[in-house]
Amino acid sequence: TANVSHELKTPLTSISGYSELIENGMASDADTRKFAGEIHRSSDRLLTLINDILRLSELDSSNNNNTTFEPVNLYEIALTCQMMLEPTADKHEVTIVVNGDNTIINADKTMIEELIYNLCDNAIRYNRKNGHVWITVKDNALIVSDDGIGISAEHQSRIFERFFRVDKSRSKKTGGTGLGLAIVKHIVELHGATLDIASEEGEGTTIKIQFAIQ
88 TANVSHELKT PLTSISGYSE LIENGMASDA DTRKFAGEIH RSSDRLLTLI
138 NDILRLSELD SSNNNNTTFE PVNLYEIALT CQMMLEPTAD KHEVTIVVNG
188 DNTIINADKT MIEELIYNLC DNAIRYNRKN GHVWITVKDN ALIVSDDGIG
238 ISAEHQSRIF ERFFRVDKSR SKKTGGTGLG LAIVKHIVEL HGATLDIASE
288 EGEGTTIKIQ FAIQ
């Protein structure tokens, strides 16, 4: 609750402050447009935070009895994710590449879409100009690699904690909530899969999700 309150307080404070200046006539026409933009960005951040918090709450209460498992093609989902994230990748000047073969796993399709999306979105946001994100599907495994900023050894065990950010200023600048990888961890556990991470500062990060062979 303390973490959630802290995360919600910052954008709400921004919205309240800028709107008060506009309401009291203390902003010029140029400032009003600028303040409206800040209010819009803070509102978007609030919505993203709330959606992620609600999703984590849903996953907390999930179990195998209310999760819909069916045969899904991991490679096809990876291709769909690539298409969905192309605009974000272009904005950050990052290239997404998908490799692998058709691979059928028994899984909840919506959760797998969410898992791949969150991993790739994170890899894009913490990348560099002209960087790359590689999605590989092989041997019943999903591997997401990047050549971005990387993660120090001391932080690697904590990046799946809720609201944990290696670089808080960068995360908030790029719109990260600090919940994406926590959601990934939940989905991995619900599918009985394993998760491994390898990373080096300045070199990039590789996250591997290994699903059970059917």
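Sequence positions in the sequence shown follow this note's numbering and run 88 to 301.
Every residue, glycine too, gets a C-beta built ideally from N, C-alpha and C.
Note that the coordinates shown come from a computational prediction; the quantities given were computed from them, not determined experimentally.
Around V184, the same chain offers W221 as residues with beta carbons nearer than 6 Å, after the five sequence neighbours per side are excluded. Rounded to the nearest angstrom, the gap between the Cα atoms of I126 and K225 is 44 Å. Secondary structure of H127 (DSSP, three-state): helix. Between P174 and S148, the alpha-carbon positions lie close to 33 Å from each other. In the structure shown, D233 falls within a strand segment according to DSSP collapsed to helix, strand and coil. Out of K216, N227 and G218, the CA that lies nearest to the CA of A194 is found in N227.
When Cβ pairs closer than 8 Å are counted between the two stretches, the region 210–218 is seen to touch the region 228–246, the count reaching three or more. Less than 7 Å divides the Cβ of L282 from the Cβ of V275. For F298, the closest C-alpha among the options D177, A280, E290 and M198 is that of A280.
If you look at D226, you'll find it isn't in any alpha helix (DSSP H); DSSP assigns it neither H nor E.
By the Cβ neighbour-count rule, A269 is buried, with 16 or more other Cβ atoms within 10 Å of its own. Here H219 carries a strand assignment [DSSP, helix/strand/coil].
An exposed status is given to I191, since fewer than 16 other beta-carbon atoms sit within 10 Å of its beta-carbon. For N186, the enclosing beta strand (DSSP E) covers residues V181 to G187. Within the same chain, Cβ atoms closer than 7 Å to the Cβ of V181 are found at I211, N214, G218, H219 and V220, the five residues on either side in sequence being excluded. For I199, the secondary structure class from DSSP, reduced to helix, strand or coil, is helix.
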